[in-house]
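Residue numbers for the sequence shown, in full-length UniProt numbering: 5 to 255. Report on one structure; see the data block that follows.
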Amino acid sequence: KLSNRLQLVLEQIPTGSKLADIGSDHALLPVAALRSGKAVSAIAGEVNPGPYEAARRGVAEAGLGKQIEVRRGDGLEVLEPGEADCISIAGMGGALIAAILDRGKSLGKLAGVKLLALQPNVGEDILRRWLLNNHWVLTAEHILEEDGKIYEILTAVPEGEAAGITNEQLYHERQLAGGNLVCSKELLLQMGPWLLQAPNAVFTAKWQSEIAKLEGILASLSRSELESAEEKRSRITAQITTISEVLECTP
Ligand code: SAM
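Right, dumping it as structure tokens:
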């Protein structure tokens, strides 16, 4: 059975897609996408030998060798331009996902791609910034908790193909519902424009634990006499205040 995390990534994929799943490991996502009709064909990309073999085994055991091709290579290098119209990248850091997309873009591999379904483990802000700077519009954000870990899933489409939403609107400074706090573009990039609009209990838990982490850093800094520590202290205090203000506005 698919984890709730991968199930939610699967749900982002439009029915009938030509999917490329990069960093596929056991090829669980492409197999589930084929079985559910979300994908009509798929390419599972893997750079490392162990996971590559695991993907080949997973596809063979599912009897989907005709529909899913497993390819070994770095990031989007495994794709020919136009081969996939939907790309999923899950279970890596946001910086690595952004680097894979960036390199893929310069190689022309994003041509014809209509949707990105991304699940960064950390560094969501880095990924949001890459999407914004490269003319992709977030159409949805999800957050879930599974086995004690919190995951975010970001779905994006090319600018101009997002029905009724632009990046300008998405990252426009705005007042949070239920409070007087004005969200800056930086805060929207950090916490997620859609997540901030409809925060749930997992979102609150994530940012409460972020506050706890920052308070830990603050406590260790307050033992330091260095002048640079003072600067850091005020920066972290400001971060804690902002996050607390956001949480006060959320139900
Ligand atoms: N996508 C699966 C999931 O979400 O359950 C597997 C996630 S696993 C933690 C990350 C996988 O990405 C590893 O199997 C690793 O080999 C692969 N990987 C890391 N960097 C990669 C790259 N540049 N290109 C392709 N695969 C990569």
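Virtual Cβ for every residue (Gly too), placed ideally from N, Cα, C.
Asked, Found
"Run through the DSSP bridge pairs and tell me what G49 is partnered with.", "I26, R75"
"Does the beta-carbon of L10, which I'm using as the reference point, lie nearer than 7 Å to any heavy atom of the ligand FAD?", "No copy of the ligand FAD occurs in the structure displayed; its ligands are the ligand SAM alone."
"Taking the alpha carbon of V161 as the reference point, which residue from C187, R178, W134 has its own alpha carbon closest?", "W134"
"Could you work out which residue in G95, Y155, A121 is closest to A205 when comparing CA atoms only?", "Y155"
"Roughly how many angstroms lie between the CA atoms of E150 and G20, to the nearest whole one?", "28 Å"
"When you compare the CB positions of L122 and I147, do they come within less than 8 Å of one another, or not?", "no"
"Is DSSP giving A103 helix, strand or coil here?", "helix"
"Thinking E115 and P85 are a contact (beta carbons under 8 Å), I'd like their distance in whole angstroms, please.", "In the sequence as displayed, the identity of residue 115 is Ala instead of Glu. Indeed, because the Cβ distance is near 5 Å, the residues count as touching under 8 Å."
"Please report the distance separating the alpha-carbon of I91 from that of K22.", "9 Å"
"Along the chain, where does the beta strand (DSSP E) containing T159 start, and where does it finish?", "153-162"
"With 16 other CB atoms within 10 Å as the buried threshold, where does A216 fall?", "exposed"
"For the beta strand (DSSP E) holding E149, just list the boundary residues, first then last.", "140-150"
"Mind checking whether G69 and E128 have CB atoms under 8 Å apart?", "no"
"Quick check: is any heavy atom of the ligand SAM less than 7 Å from the C-beta of V51?", "yes"
"DSSP on R227, reduced to helix/strand/coil?", "coil"
"Ordered along the chain, which non-local residues of its own chain (more than five positions away) have a Cβ less than 6 Å from that of L185?", "E249, C253"
"Would you say the beta carbon of A94 comes nearer than 7 Å to a heavy atom of the ligand SAM?", "yes"
"Take S45 as the anchor and find which of A58, Q71, A36, R39 has the nearest alpha-carbon.", "Q71"
"Relative to the C-alpha of L83, which residue among E235, L105, Q16 is closest?", "L105"
"Can you tell me which of the three DSSP states L180 falls into?", "coil"
"Output the boundary residues of the alpha helix (DSSP H) element that contains S40.", "32-40"
"Would you mind stating whether L80 and I130 have Cβ atoms separated by less than 8 Å?", "no"
"Helix, strand or coil: which one does DSSP assign to P203?", "coil"
"Using C-beta distances below 8 Å, list every residue in its chain close to I17, excluding the 5 sequence neighbours before and after it, in chain order.", "L23, A37, K42, A43, C90, S92, L119, A121"
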